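Q: Okay, here's the structure, questions in a sec.
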Amino acid sequence: MSPVLRGGLLVVGSSACVALDTIVARVVMEEINPFVLVFFRNAFGLLFMLPWLLRVGTRGLATHKPAIHVLRALAKIVAFIAFFWGLTRIPVADATAIVFATPLFAAAGAALWLGESLRGGRLAAILLGFLGVLVIVRPGLQVLDAAALACVAAALGHALVGLCVKHLSRHDPPNTIIALNLLLSVPLALLLALPFWTTPDAPMLLLMALQGLLGLGSQLFITRAMRLADASVMMPIDFVRLPMVAALAFAAFGELADAWTWAGAAIIFCATVLLLRAGTTRALAGPGPQER
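Following the numbering used here, the residues of the sequence shown are numbered contiguously, the last one being 289.
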């Protein structure tokens, strides 16, 4: 089997993990507040990271950019809370399609923060992607839904996370970035969750533990895929997640994605491919393994 084919299958595996994770989150939030869910999601992630932390000790946490780590943790928490809140109020496929705009926001942010070039194909791709978001949200043709705006905010938050990771990757190793993110996110998420606290029962805890496993699986799959082939080949495959989510949402909740959602998602897909072909770096190709 060729490296590209193996990488493509790994991306499909990662997409399946994220799709199932999204459906599980929707089920959990029938009983658990999004703020509380984000705390437990990070707590289980930290639990899975403990073997590495115990092995390397404090030397594995040394960093030259503590402020950027804090910014990244805050952006990730806000992004997940916004997405989960939106997920409870609009169809799952709509929320997923909007968040696919993340690499487009990241490319725009890279021009402002990292000084990357933003001209020609990249600029056209970003404008095209924003058009795709507008097709899904449809301002003026329907009441502008706060939940849809929350998903746009989630995409912006994930874009900021991606930019932070790209900046940090110049200074810190990947495991340090992941570990510090979890160590910072757990107490921050707990503080935000306390006003909304409800103690989950055993079934809810098991579902949130499953989310932690799915998140870990997604990280492992996507990281391995990126070692086998270029992001310009791999990342567009992640759009298989939308039909996966749509099928699971129909099976679990009886939801059907409308034509506007598919049309907007198709436009965002084309914009992302154009962006990648225009030379956008791998770090901005989409929500990275640490952000899923």
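All C-beta atoms, glycine included, are put in the ideal place defined by N, C-alpha and C. Remember, it's a predicted structure, so these values are computed and weren't measured experimentally.
Going by DSSP in three states, tryptophan 194 sits in which element: helix, strand or coil?
A: If you number the sequence shown from 1, residue 194 lands on position 197. It is coil, neither helix nor strand.
Q: Helix, strand or coil: how does DSSP classify proline 284 here?
A: Here residue 284 refers to the residue found at position 287 of the sequence shown. Residue placement at proline 284 is flagged as unreliable, the pLDDT there being 47, under the threshold of 50; a coordinate-derived value is accordingly withheld.
Q: Am I right that glycine 209 and phenylalanine 41 are in contact with their C-beta atoms under 8 Å? What's the rounded C-beta distance?
A: By 1-based counting over the sequence shown, the position of residue 209 is 212. By 1-based counting over the sequence shown, the position of residue 41 is 44. With a Cβ gap of about 3 Å, glycine 209 and phenylalanine 41 count as contacting.
Q: Of all the options Arg274, Thr85, Val25 and Thr99, which has the alpha carbon lying nearest to the alpha carbon of valine 158?
A: Residue 158 sits at position 161 when you count from the first residue of the sequence shown. Looking at the Cα atoms, Thr99 is the closest of the given residues.
Q: Alpha carbon to alpha carbon, how far is asparagine 172 from glycine 57? Give it in angstroms, no decimals.
A: Working through the sequence shown from its first residue, we reach residue 57 at position 60. Working through the sequence shown from its first residue, we reach residue 172 at position 175. C-alpha separation (whole angstroms): 8 Å.
Q: Flag this pair as yes or no: are the beta carbons of alanine 275 and glycine 154 separated by less than 8 Å?
A: In the sequence shown, counting from the first residue as 1, residue 275 sits at position 278. In the sequence shown, counting from the first residue as 1, residue 154 sits at position 157. Cβ atoms of alanine 275 and glycine 154: not closer than 8 Å.
Q: With distances taken from CA atoms, which of Leu7, Leu101 and Arg38 is nearest leucine 204?
A: Here residue 204 refers to the residue found at position 207 when the sequence shown is read from its first residue. Nearest of Leu7, Leu101 and Arg38 to leucine 204, Cα basis: Arg38.
Q: Below 8 Å CB to CB, which residues in the same chain sit around valine 242 once its five sequence neighbours on both sides are set aside?
A: Locating residue 242 in the sequence shown gives position 245, where the first residue counts as 1. Setting aside the 5 residues that flank it on each side, valine 242 is surrounded in the same chain by Ala16, Thr19, Ile20, Val89, Ala90 and Thr93, each with a C-beta closer than 8 Å to its C-beta; the list follows chain order.
Q: Using 8 Å as the threshold, is the stretch 67 to 85 in touch with the stretch 236 to 255, meaning 3 or more CB pairs across them?
A: No, the stretch 67 to 85 does not touch the stretch 236 to 255.
Q: Pair every Cβ in the stretch 164 to 181 with every Cβ in the stretch 1 to 11, then say whether three or more of these pairs are closer than 8 Å.
A: no
Q: Can you tell which of Val53, Asn30, Ala226 and Ile95 has its C-alpha closest to the C-alpha of alanine 156?
A: As a first step, residue 156 is located in the sequence shown; it is residue number 159 there, counting from the start. Nearest C-alpha to alanine 156: Ile95.
Q: Taking the alpha-carbon positions, what's the proline 31 to alanine 260 distance?
A: Locating residue 31 in the sequence shown gives position 34, counting from the first residue. Locating residue 260 in the sequence shown gives position 263, counting from the first residue. When rounded, the distance between both Cα atoms is 29 Å.
Q: Would valine 183 be called buried (16 or more neighbouring beta carbons within 10 Å of its own) or exposed?
A: Taking the sequence shown and counting its residues from 1, the one referred to as residue 183 is at position 186. With 16 or more other Cβ atoms within 10 Å, it is buried.
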